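Q: Before anything else, here's the structure in question.
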Amino acid sequence: MTVQEKTMEMMEYEDELHVNIISGLSCRTGWHFDADTGSCYAIPTGAEGSWAEAMAYCGALGGELAIVESAGEHRFLVSLINTTKAAYPHDKDFWIGAVDILEEGVFIWAYRLSEVENFFWGRGEPNNQNGGQGCLRMESELAWAWGDGDCTSKEYFICERE
Numbered sequence: 001m002t003v004q005e006k007t008m009e010m011m012e013y014e015d016e017l018h019v020n021i022i023s024g025l026s027c028r029t030g031w032h033f034d035a036d037t038g039s040c041y042a043i044p045t046g047a048e049g050s051w052a053e054a055m056a057y058c059g060a061l062g063g064e065l066a067i068v069e070s071a072g073e074h075r076f077l078v079s080l081i082n083t084t085k086a087a088y089p090h091d092k093d094f095w096i097g098a099v100d101i102l103e104e105g106v107f108i109w110a111y112r113l114s115e116v117e118n119f120f121w122g123r124g125e126p127n128n129q130n131g132g133q134g135c136l137r138m139e140s141e142l143a144w145a146w147g148d149g150d151c152t153s154k155e156y157f158i159c160e161r162e
């Protein structure tokens, strides 16, 4: 199923989604609440896409690609990936919401247009391999540390709703 088809399916079922009440705050079914950030996160099952497709998909769900602003938030996402990764049979890299396509080496959170302040790079990253890596992802080969990737590569992704 393509990202576009999955997005349409999710939008059709949006009215049927139930709300989980956790600590007075709500997350839709399939989303996971992080009490430290007050945000809800989801890894859409079976959805893979380019960085831009992932951004659009998250937007259709009323969110954005995840913005990771602290070590605690990074640990939460690593835990989320580790508890759900069996559902993702392909390459296990996950897009998050930063890019350096405006200026090489200067990563910004695309949805907020603010510079990334805390980095959780894997060894040797970012490397802009072959001059074509401008989007940020959490990589399985780096134990979920960050790496830069080709923005057109089909990956899973993490959405965030505040």
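Just so we're aligned: the sequence shown equals residues 1 to 162 in full-length UniProt numbering. All residues carry an ideal CB built from backbone N, CA and C; glycine is no exception. Just so you know, these numbers come straight off a predicted model, no measurement behind them.
Under a Cβ-count criterion, where at least 16 other Cβ atoms within 10 Å of its own Cβ denotes burial, should Q133 be classed as buried or exposed?
A: The residue is buried, with at least 16 neighbouring Cβ atoms inside 10 Å.
Q: Which residues bound the alpha helix (DSSP H) around F94?
A: From DSSP, F94 is part of no alpha helix (DSSP H) but of the beta strand (DSSP E) over 94-99.
Q: Could you spell out the range, first to last residue, of the alpha helix (DSSP H) harbouring R75?
A: Counting along the chain, the alpha helix (DSSP H) containing R75 begins and ends at 71-84.
Q: Under three-state DSSP, which class holds C40?
A: C40: strand per DSSP, three-state reduction.
Q: Quick one: using the 10 Å Cβ neighbour count with 16 as the cut-off for buried, is P126 buried or exposed?
A: So P126 ends up on the buried side.
Q: Need the endpoints of the alpha helix (DSSP H) that G59 sits in, please.
A: 51-60 is the extent of the alpha helix (DSSP H) around G59.
Q: Note down, in chain order, each residue of its chain lying with its Cβ closer than 8 Å to the Cβ of L102, except the 5 sequence neighbours on either side.
A: Excluding positions up to five away in sequence, the list reads I108.
Q: Kindly indicate the opening and closing residues of the beta strand (DSSP E) around G147.
A: Start and end: 146-149.
Q: Once you ignore the five residues that flank K154 on each side, which residues in its own chain have a CB closer than 7 Å to its CB?
A: Here the set comprises E48, G49, S50.
Q: Under 8 Å: do the stretch 77-88 and the stretch 49-64 share three or more Cβ pairs, one atom per stretch?
A: No, they do not touch.
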